[in-house]
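Below is one structure, written out as structure tokens; the observations come after it.
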Amino acid sequence: MEVVAKALTDRMIRYFGFSEERRDLLAFGVTYILLFVIDTLTVVLAGILVGAFGLTLVVALTSAVFRSLTGGAHFSDPWTCAIASAVIAAGLGSLAAALTDIVPFWLMGIVLVVAGLAGVTIHRYAPVDSPAKPISPPQKAKLRRVSWVALAGWVIIMGCVLYRGGSSLVAASALGLIWQVGTLTPGGARFYHLVNRALGAPRKT
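Set out below in structure tokens:
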């Protein structure tokens with residue numbers, strides 16, 4: 508990954524005439540785009556392979572949106588992150604497809620329970636930062652408030668989708684939210700840490 512990002516950065520500097528002072532910024536941007544593309548492609552491929560393409564995307568999108576606000580444990584190696592995330596998203600997407608027969612009334616109840624547990628978890632643990640990227644107390648308070656607003660908006664959206672008959676979409680999104688808030692907890696952090704250790708990668712949160 509770093510080799511590809513460096514090669515692309517060098518090419519951009521030569522082609523567009525950027526100064527060397529901007530190398531680090533360009534390298535960061537290129538690396539971020541590469542990771543996004545790889546993560547997206549692996550999720551799409553996994554969703555197609557399990558026959559739950561749309562639901563897998565819903566799981567991954569829900570998780571990604573809340574992760575951008577709350578942070579959370581993650582795999583240290585980008586390839587491990589991409590593959591493991593795709594497997595988890597596809598597995599949860601397949602599970603959501605199997606839950607399409609849930610009565611809408613009960614499913615909305617599940618959404619409210621999930622939202623309540625997510626709210627408690629966000630209040631206790633979010634946002635999760637790291638020694639390399641610390642978050643100031645005011646910024647943490649702001650991100651926590653935004654997370655609560657996003658959570659309230661999610662409940663409203665899920666109610667509207669469920670009203671329109673999208674039971675499987677609601678189930679997939681709820682599972683994606685459960686996955687994400689799980690990464691905020693000590694148990695989730697330990698799970699990611701164990702996987703990182705098993706693969707010989709340093710721990711990151």
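Numbering-wise (the numbering used here), the sequence shown opens with residue 508 and increments by one. Note that the Cβ used here is the ideal one computed from N, Cα and C, for glycine as well.
TODO: Please check the pair LEU599 and SER674, which I expect to be a contact at CB under 8 Å, by giving their CB distance rounded to whole angstroms.
DONE: The sequence position of residue 599 within the sequence shown is 92, counting from 1. The sequence position of residue 674 within the sequence shown is 167, counting from 1. That belief does not hold up - the Cβ atoms of LEU599 and SER674 are roughly 15 Å apart, past 8 Å.
Open item on the list: Going by DSSP, what residue range makes up the alpha helix (DSSP H) through ALA659?
Closed with: Here residue 659 is taken as the residue at index 152 of the sequence shown, counted from 1. That run of the alpha helix (DSSP H) goes 644-670.
Task: With 16 other Cβ atoms within 10 Å as the buried cut-off, status of VAL550 - done: Residue mapping note: residue 550 aligns to position 43 of the sequence shown, counting from 1. By the 10 Å Cβ count, VAL550 comes out buried.
Open item on the list: I'd like the span of the alpha helix (DSSP H) that includes SER465, first residue to last.
Closed with: Within the shown structure, residues of the chain are numbered from 508 to 712, placing residue 465 beyond reach of any answer.
Task: Enclosing alpha helix (DSSP H) for GLY626 [first to last residue] - done: Here residue 626 corresponds to residue number 119 of the sequence shown, with the count starting at 1. GLY626 -> alpha helix (DSSP H) spans 611-632.
Task: Given 8 Å, three or more beta-carbon pairs between the stretch 642-652 and the stretch 586-595 - done: no
Open item on the list: For HIS700, report the span of its alpha helix (DSSP H) as first-last.
Closed with: Here residue 700 refers to the residue found at position 193 when the sequence shown is read from its first residue. Note, HIS700: alpha helix (DSSP H), 693-705.
Open item on the list: Is the beta carbon of GLY683 closer than 8 Å to that of THR569?
Closed with: One-based indexing of the sequence shown puts residue 569 at position 62. One-based indexing of the sequence shown puts residue 683 at position 176. For THR569 and GLY683, yes; Cβs fall inside 8 Å.
TODO: Give me the Cα-Cα distance between PHE698 and ARG521, rounded to the nearest whole angstrom.
DONE: Translated into the one-based positions of the sequence shown, residue 698 becomes position 191. Translated into the one-based positions of the sequence shown, residue 521 becomes position 14. Going from the Cα of PHE698 to the Cα of ARG521 covers about 43 Å.
Open item on the list: What does the Cβ neighbour count give for LEU691, buried or exposed, with the cut at 16 atoms within 10 Å?
Closed with: Taking the sequence shown and counting its residues from 1, the one referred to as residue 691 is at position 184. That one is buried.
TODO: Tell whether a beta-carbon distance below 8 Å holds between SER592 and ASP546.
DONE: Counting from 1 along the sequence shown, the entry for residue 592 is found at position 85. Counting from 1 along the sequence shown, the entry for residue 546 is found at position 39. Contact flag set, yes.
Open item on the list: Output needed for LEU706: all residues of its chain with C-beta closer than 7 Å, excluding positions within five of it in sequence on either side, in chain order.
Closed with: On the sequence shown, position 199 is the one that residue 706 refers to. ASP584 and THR587, listed in sequence order.
Task: For VAL620 and HIS700, the rounded distance between their alpha carbons - done: In the sequence shown, counting from the first residue as 1, residue 700 sits at position 193. In the sequence shown, counting from the first residue as 1, residue 620 sits at position 113. Spanning the two alpha carbons is a distance of roughly 28 Å.
Task: Residue from GLY554, VAL702 and GLY695 whose Cα sits closest to the Cα of ALA580 - done: Numbered from 1 along the sequence shown, position 73 holds the residue referred to as residue 580. Answer by Cα proximity: GLY695.
Open item on the list: Taking only three categories from DSSP, how would you classify VAL557?
Closed with: For the purposes of this step, residue 557 is identified with residue 50 of the sequence shown, where counting begins at 1. Coil at VAL557, not helix or strand.
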